[in-house]
Structure formats: structure tokens, C-alpha cells
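Residue numbers (this note's numbering): 78 to 200.
Let me begin by presenting the structure, written as C-alpha cells, before commenting on it.
Written as C-alpha cells, this is what we have:
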């Protein structure tokens, strides 16, 4: 594996619209390295159903990046942690060959959601 590619995650169906990681998934990004443990459950991209025809939540093109993002968000405790997760999503999508436009849309949608979530949580 070179610096410019990211290994794909292996999952199996777990429940309706959810998947389970079947092997420990090690990933290396410039911003973050980690291992997602076997058994971690994800819903892929958490995209409102109205947008599924444009951005299906389980599309293999960006699914591995979404699993990384879900894992980092599950571990997040602060706005800084969410920012790292959002940046890791963008970086992983680029490594997987997603278009810059798609990376822009996903990154800014997640970043805006987490900004509002952290604002609401702090009150």
C-alpha cells in the first residue's frame, strides 16, 4: 500500500441499513492513523434519505471513508475531535479517488452538522 491509496474495509450486513466490520481495519492518513476493531457497527454515510439518489449511503466509492468517520465520531468528546473526524473523512475520500466536489460536499455537510451539534450540546 502506497501513501496515495487506502485499503478498503471489509464488512458484513448486521441489520437493516447497518454493517459490521469483520476484521480489524488499520488505516493510515496524513492526519490520523488508527485501527477500527472487528465488530464495529456502522451505517455508512449518514445521508438524509431525500439525497440517497445522488449520494447512496453504502456506495463503495466512499464507504471506507465513512466507516473511519463513524468510528472517529463515536470516540469524539469535543468540537476538536469532530473537526479531526471530518478532516479524516475528507482526506480518506480523496485517497479513495472521490471527486474534489464530492469531498467538499461531504466535509462541509459533516462540519456544519457537528458545529450545530456541539453548540446545542454546550447549552
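Think of the CB as a built atom: it goes at the ideal place given N, C-alpha and C, for glycine as much as any other residue.
{"Asked": "Helix, strand or coil at residue 118 according to DSSP, with G and I counted as helix", "Found": "strand"}
{"Asked": "Contact belief for residue 163 with residue 187 at Cβ below 8 angstroms, rounded distance in angstroms", "Found": "5 angstroms"}
{"Asked": "Check whether residue 134 and residue 120 have beta carbons under 8 angstroms apart", "Found": "yes"}
{"Asked": "Chain-order list of residues whose beta-carbon lies under 8 angstroms from that of residue 116 (same chain, five-residue window excluded)", "Found": "97, 98"}
{"Asked": "Identity of the residue in 139, 199, 149 nearest residue 176 by Cα", "Found": "139"}
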